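Data first, discussion second: the structure below is written as structure tokens.
2 protein chains.
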Amino acid sequence: MGSIQTAVIIGNGNVGSHLGEILPKAGVQVLQISNSKIPISELNKKADIYIIAVKDDAIENIYSDLIKCLQRERVEQPSENKVQLIVHTSGAKNQFMSPSDLRIKTGVLYFLQSFSKGFPLDFSEIPVCIEAQDRETETILFDFVNKLSKKVEIIDSQKRASLHLAAVFANNFGNLMFSLAQDIAKKAGLSAHLLDALISQTASKATEMETAWKAQTGPALREDLKSMEKHKELLKEDSKMRALYECLSEIIKEKKQYNNGKL
Amino acid sequence: MGSIQTAVIIGNGNVGSHLGEILPKAGVQVLQISNSKIPISELNKKADIYIIAVKDDAIENIYSDLIKCLQRERVEQPSENKVQLIVHTSGAKNQFMSPSDLRIKTGVLYFLQSFSKGFPLDFSEIPVCIEAQDRETETILFDFVNKLSKKVEIIDSQKRASLHLAAVFANNFGNLMFSLAQDIAKKAGLSAHLLDALISQTASKATEMETAWKAQTGPALREDLKSMEKHKELLKEDSKMRALYECLSEIIKEKKQYNNGKL
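Taken in sequence, the protein lines are chains A and B.
The opening residue of the first sequence carries number 1 in the numbering used here; numbering runs sequentially from there.
The opening residue of the second sequence carries number 264 in the numbering used here; numbering runs sequentially from there.
Here you go:
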């Protein structure tokens, strides 16, 4: 198998639709972007790569249907001998079992980024973690991804699972904190965007300092009990927010003690 | 009282030391930056403004000592008639009670930012919330702060308390999520800075989109139970992190239901 020239993208969610835009710019022809309404049997069967960018729970079924279709195609057209690649884009899901058909290879393309439709991304700065069933496939995937991003990393399924969990904390839970902060400001009759400079600064420090922990400040870190009491008083009508405030403050306190060598 | 020309900063922590650098650039002469070892009675008594930038718990004592010193100075030098200002920089603490001496005025300067020593800041972009005991003092404070920042907001103690709480969620808890994410990556033998692009993007979306909630993605939002199970399995040896994962995922789920009008 040579380099990847053509792709079918399965899934038109956040990841699929972004890939549909970016691949042609990297010189890869997108033969099809499929959604859940199109049966796998009706997909174009000539692509060099099939990128399965769907909910984790749906990947396995699509994969086994796709394998069957591609194999059937080979039986019907025995002259067709080219190697085809099937990859998924999930952070949490293991690499596929190697297919019995030696002309079908598998791998993973995990984009370490949060995709939102309509929000533009500089793909060249997104770390992409790849994994492949063998060295040759790894090289092909690497060359393919290298057209999109400057930051390609070869990472196995186990490490990728940890990285995906880290990404949930950084992005999903980080964003949740920003969202809850905006809710509190709005509830007080203030503009949520008053917090913008603080949010930007929070991310700048976490990335530019040696570790995010070195940027940690606030009442819980300095054990400013009066401020914390006042905050809990403000949250007294929302028991869940209050419990969350206490829980996160406790984690900060413990992390401080641990880092100070007290634990 | 005219405009503020001279300042004494009490406290040489993160806020105090940044102010010590920025005030001269705004044309304000810093007569002194005091630390906890210098008794209040030894402070320069001629400043137009005294900025108390210390731990919340210590503000009240410093304030009452300072008031006494300034009043004594006036008794000793009865010709001195100028108005002097005392402000604190706390988000959580109420405006001071108005002093009995009519030539001493009070207020608050709350910088909606997280200061770390050695990390440079563009002060002009930092929202500064001011409060003062009367309109005249408010105008003087406004003009003073306007030399430092383009974003001056007049906000009363009650709203400031909510804003301070919002800032704890945005900065302290947001940074904690980034820090925990880096810990997870490092524990898996990966570079913590692999997450940098994701962290930057998280903040960009939260500030540039209409609300941070519109940027929310991830397993908890899409109710991808398999990924969540896998994550909890990864955290099985750390019961607190696991409980935190479950708690934050639950909040995301509830917020989604609430926003969908189901609650």
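Built from N, CA and C at the ideal position, the CB exists for glycine as well.
Everything numeric in this text was worked out from a predicted model, so none of it was measured.
In the DSSP assignment, Ala395 of chain B falls outside any alpha helix (DSSP H) and within the unbroken beta strand (DSSP E) covering 391 to 395.
The beta-carbon of Asp238 of chain A is placed no less than 9 Å from the nearest beta-carbon of chain B. Counted as a single uninterrupted DSSP element, the alpha helix (DSSP H) harbouring Leu488 of chain B occupies residues 488 to 497. Cβ-Cβ separation between Ser34 of chain A and Leu43 of chain A: approximately 6 Å, consistent with a contact (criterion under 8 Å). Using a 10 angstroms sphere on the CB of Ser512 of chain B, the tally of other CB atoms reaches 16 or more, which defines it as buried.
In the DSSP secondary-structure assignment, Ala166 of chain A is not bridged to any residue. Runs of beta strand (DSSP E) with 3 or more residues, each lying fully within the segment 344 to 395 of chain B, are found at 347 to 351, 367 to 374, 391 to 395, listed in chain order. Here the segment 431 to 449 of chain B does not lie against the segment 84 to 102 of chain A, with fewer than 3 beta-carbon pairs under 8 Å apart. Against Ser377 of chain B, the close residues of chain A are Leu198, Gln201, Thr202, Lys205, Ala215, Thr217, Gly218, in the order they occur along the chain (beta-carbon pairs closer than 8 Å). Secondary structure within the segment 172 to 202 of chain A: the alpha helix (DSSP H) runs of 4 or more consecutive residues, fully enclosed, are 174 to 187 (chain order).
The segment 117 to 128 of chain A and the segment 147 to 156 of chain A touch, with three or more beta-carbon pairs separated by less than 8 Å. Contact annotation: Leu85 of chain A and Tyr63 of chain A have beta-carbon atoms that are not nearer than 9 Å. Tyr508 of chain B is classed as buried because its beta carbon has at least 16 other beta carbons within 10 Å across all chains shown. Excluding five sequence positions before and after Leu404 of chain B, the CB atoms of its chain that fall closer than 6 Å to its own CB belong to Gly370, Ile393, Ala395, given in chain order. Gln71 of chain A: member of the alpha helix (DSSP H) spanning 56 to 76, first to last residue. In terms of Cβ geometry, Ser116 of chain A and Met360 of chain B do not form a close pair [threshold 9 Å]. In summary, Gln5 of chain A is exposed, with fewer than 16 beta-carbon neighbours lying within 10 Å of its beta-carbon over all protein chains present. For a Cβ distance threshold of 8 Å, residue set Lys159 of chain A lies close to Gly452 of chain B, ordered along the chain. For Glu509 of chain B, the enclosing alpha helix (DSSP H) stretches over residues 502 to 522. A distance below 6 Å between beta-carbons, with the five flanking residues on each side excluded, links Ile199 of chain A to the following residues of its chain, in chain order: Phe178.
Neighbours of Arg485 of chain B in chain A, taken as residues at a C-beta separation under 8 Å, are given in chain order as Lys55. Annotation: Ile52 of chain A to Ala58 of chain A spans about 9 Å, alpha carbon to alpha carbon.
In this structure, the CA atom of Pro302 of chain B is about 35 Å from the CA atom of Phe432 of chain B.
In this chain, the alpha helix (DSSP H) harbouring Ser280 of chain B covers 277 to 288.
With 16 or more other CB atoms across the displayed protein chains lying within 10 angstroms of its CB, Tyr373 of chain B is buried. Between Ala451 of chain B and Lys82 of chain A, the beta carbon gap of about 36 Å keeps them out of contact (Cβ cut-off 8 Å).
For the pair Asn277 of chain B and Thr207 of chain A, the CB atoms are not nearer than the 9 Å cut-off.
Scanning its chain for C-beta atoms nearer than 7 Å, with the 5 sequence neighbours on each side dropped, one finds around Asp143 of chain A the residues Ser3, in chain order. At a Cβ-Cβ threshold of 9 Å, Leu458 of chain B and Ala475 of chain B do not count as neighbours. Just so you know, the alpha carbons of Lys518 of chain B and Glu486 of chain B end up roughly 13 Å apart.
DSSP places Ile140 of chain A in the uninterrupted alpha helix (DSSP H) bounded by 135 to 146.
Looking at the DSSP output, Glu153 of chain A bridges to A:Cys129. From the listed residues A:Ile184, A:Val8, A:Lys205, the smallest Cα separation to His456 of chain B is found for A:Lys205. For Val415 of chain B, no CB of chain A lies under 9 Å from its own CB, so it is not counted at the interface with that chain. Within the same chain, Gly354, Tyr373, Leu375, Cys392, Ile418 come within 8 Å of Leu426 of chain B by CB-CB distance, once the 5 residues on both sides are set aside.
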